[in-house]
Amino acid sequence: MPDSPKQFILKPETLAGLGALVLGPKGPLSPLRYDGPVPLPEEQARALREAGVLDRAGRPSEQSKETLVALAETKSFARVRLAAGKRFYDHTVYFAPRFDRAVAFTLLPDGVLIRDPAPTGEILEGLRQHTGGSLIRVAEFSAVCGFETAFVLAAALDFHRHAILSGIVSGANSGTPAFDAETLAGFARGLPSSPQWLYHVARDLVERKEPAEAAVFHAGLRELLEAGRLRREGERCVLADAARDLAEALPLVELVLTLNAARELPGGEVTMAGMRALQAGVRAVLTLDVDRDALHFECLSASALVEFLHFFLSNPGAVRGGG
803 MPDSPKQFIL KPETLAGLGA LVLGPKGPLS PLRYDGPVPL PEEQARALRE
853 AGVLDRAGRP SEQSKETLVA LAETKSFARV RLAAGKRFYD HTVYFAPRFD
903 RAVAFTLLPD GVLIRDPAPT GEILEGLRQH TGGSLIRVAE FSAVCGFETA
953 FVLAAALDFH RHAILSGIVS GANSGTPAFD AETLAGFARG LPSSPQWLYH
1003 VARDLVERKE PAEAAVFHAG LRELLEAGRL RREGERCVLA DAARDLAEAL
1053 PLVELVLTLN AARELPGGEV TMAGMRALQA GVRAVLTLDV DRDALHFECL
1103 SASALVEFLH FFLSNPGAVR GGG
């Protein structure tokens, strides 16, 4: 633990040149690691001297030296980005086990705020101001699907959500939204690319750009019916109870939160984890995360979401090893 909390505001473009001034190797996850020598322009060096990061000789100052070495020796990190309307927050916590603490990067309009040690409690409380802390889980919904089936499930949830929103606008109640494979495929193809739509969130998580083919929807509906995620209504399908409860609690996404984390293993291999959370109001939270070749959907309470974030932002070993 440093003698007293330290903080600096840097321009992101100074990190490469600053890293070159920190002696010793940089790990693959270090924010100071760049390929090849990067000279530090005089204008940037002057700004770093004024910020107290460099001394008059252009070397890391006594105030900043230990913080910079900790960043160079980073072995794991967790990054949380939250978008709530026009507000956007971006925090990264870097862990250096040798120093038994973490260093935080917070993105500001005019640079990056570096704080040592990381004020994890303060960061979490700021996020909680948007997520809330409700203990209520609006739907007993959890599903693990292969990627293609996950796209179909996401489209089915969106179909129901879209019908709810259309009914609110028109004032009409058309009953339970029902669909077949062709209807759902056409609906999904017409959705604008936006975090409002689970179909695009799911595809973005697994980096799929090309539209899903009709055959995917036929196979996906069969699998979801067998798993009880959907049920038959005549010749068409509708959401089953838990999926319907989720869709009706999440008609409009108000908050999008993204977690990315990584850890360097003893052999030098890097393992990663990630999650996307969508929230409506203070109670409806749906998380999506990739687990190897499957996509995991989970409805959580807002309180459980904050606890999940706390685990990653305070635990250098949160990302498990490969295998």
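Be aware that the sequence shown starts at 803, since it is given in the numbering used here, and climbs by one per residue. Here a beta-carbon is modelled for each residue, glycine too, at the ideal position from N, C-alpha and C.
I'd like to check one pair, leucine 1080 with valine 1058: are the Cβ atoms closer than 7 Å? Within the sequence shown, numbered from 1, the residue matching residue 1058 stands at position 256. Within the sequence shown, numbered from 1, the residue matching residue 1080 stands at position 278. The answer is yes: Cβ separation under 7 Å.
What three-state label does DSSP hand alanine 853 in the structure shown? In the sequence shown, the residue the question calls residue 853 occupies position 51. Coil.
Please state whether DSSP places glycine 948 in a helix, a strand or coil. Position 146 of the sequence shown, counted from the first residue, corresponds to residue 948. Residue state, collapsed to three classes: strand.
Under a Cβ-count criterion, where at least 16 other Cβ atoms within 10 Å of its own Cβ denotes burial, should threonine 978 be classed as buried or exposed? Locating residue 978 in the sequence shown gives position 176, counting from the first residue. Under this definition threonine 978 is an exposed residue.
For glycine 1069, which of helix, strand or coil comes out of DSSP? As a first step, residue 1069 must be located in the sequence shown, where it is residue number 267. Coil at glycine 1069, not helix or strand.
For the putative contact between valine 855 and serine 866, defined by C-beta atoms under 8 Å, what is the C-beta separation to the nearest angstrom? Against the sequence shown, residue 855 aligns to sequence position 53. Against the sequence shown, residue 866 aligns to sequence position 64. Yes, they are in contact, since the Cβ atoms of valine 855 and serine 866 sit about 5 Å apart, within 8 Å.
Classify threonine 879 as buried or exposed, calling it buried when 16 or more other Cβ atoms lie within 10 Å of its own Cβ. Here residue 879 refers to the residue found at position 77 of the sequence shown. In the sequence as presented, threonine is not what sits at residue 879; that position holds phenylalanine. When all chains shown are included, phenylalanine 879 counts as buried.
For leucine 1093, write down the residues that DSSP places opposite it in a beta bridge. Your numbering for residue 1093 matches position 291 in the sequence shown. In the sequence as displayed, the identity of residue 1093 is aspartate instead of leucine. The partner list for aspartate 1093 (beta bridge, DSSP) reads Ala1096.
Roughly how many whole angstroms lie between the Cα atoms of glutamate 1071 and glutamate 1035? Within the sequence shown, numbered from 1, the residue matching residue 1071 stands at position 269. Within the sequence shown, numbered from 1, the residue matching residue 1035 stands at position 233. Cα to Cα, the separation comes out at about 50 Å.
On the CB-based measure, 16 or more other CB atoms within 10 Å of its CB, does valine 1121 come out buried or exposed? Indexing the sequence shown from 1 puts residue 1121 at position 319. Answer is buried; the Cβ neighbour count reaches 16.
Roughly how many angstroms lie between the CA atoms of alanine 847 and isoleucine 811, to the nearest whole one? Numbered from 1 along the sequence shown, position 45 holds the residue referred to as residue 847. Numbered from 1 along the sequence shown, position 9 holds the residue referred to as residue 811. Spanning the two alpha carbons is a distance of roughly 13 Å.
Just list the beta strand (DSSP E) runs in the region 965-1036, keeping only unbroken ones of 3 residues or longer that don't cross its boundaries, in chain order. As far as the region 965-1036 is concerned, its whole beta strand (DSSP E) runs of at least 3 residues are 1032-1035.
Using the rule of at least 16 other Cβ atoms within 10 Å of the residue's Cβ for burial, across every protein chain shown, is valine 1092 buried or exposed? Locating residue 1092 in the sequence shown gives position 290, counting from the first residue. Under the 10 Å beta carbon count, valine 1092 is surrounded by 16 or more other beta carbons and is classified as buried.
Which complete alpha helix (DSSP H) runs does the region 1035-1066 hold, if anything under 4 residues is left out? Counting whole runs of 4 or more residues, the region 1035-1066 contains the alpha helix (DSSP H) stretches 1043-1051.
Distance, Cα to Cα, leucine 1115 vs glutamate 1028? Looking up residue 1115 in the sequence shown gives position 313. Looking up residue 1028 in the sequence shown gives position 226. The C-alpha of leucine 1115 lies about 38 Å from the C-alpha of glutamate 1028.
Determine the contact status of glycine 1123 and threonine 1060, defining contact as a CB-CB distance below 7 Å. Locating residue 1123 in the sequence shown gives position 321, where the first residue counts as 1. Locating residue 1060 in the sequence shown gives position 258, where the first residue counts as 1. Glycine 1123 places its beta carbon 7 Å or farther from that of threonine 1060.
Quick one, are the C-beta atoms of alanine 1049 and phenylalanine 943 less than 7 Å apart? The sequence position of residue 1049 within the sequence shown is 247, counting from 1. The sequence position of residue 943 within the sequence shown is 141, counting from 1. Contact flag unset, no.
Rounded to whole angstroms, what is the Cα-Cα separation between leucine 1102 and valine 1040? To locate residue 1102, count along the sequence shown from 1; it is residue 300. To locate residue 1040, count along the sequence shown from 1; it is residue 238. Taking the straight line from one Cα to the other gives about 23 Å.
Nearest-angstrom Cα separation, counted from alanine 1082 out to arginine 930: Numbered from 1 along the sequence shown, position 128 holds the residue referred to as residue 930. Numbered from 1 along the sequence shown, position 280 holds the residue referred to as residue 1082. Going by the C-alpha atoms only, they are around 14 Å apart.
Quick check on aspartate 912: buried or exposed, where buried means 16 or more other Cβ atoms within 10 Å of its Cβ? Your numbering for residue 912 matches position 110 in the sequence shown. Aspartate 912 comes out exposed.
State the Cα-Cα distance for the pair arginine 1033 and valine 1055, rounded to the nearest angstrom. Within the sequence shown, numbered from 1, the residue matching residue 1033 stands at position 231. Within the sequence shown, numbered from 1, the residue matching residue 1055 stands at position 253. Looking at the two C-alpha atoms, the distance is approximately 25 Å.
Alpha carbon to alpha carbon, how far is glycine 973 from aspartate 960? Here residue 973 is taken as the residue at index 171 of the sequence shown, counted from 1. Here residue 960 is taken as the residue at index 158 of the sequence shown, counted from 1. Between the alpha carbons of glycine 973 and aspartate 960 lies a gap of roughly 19 Å.
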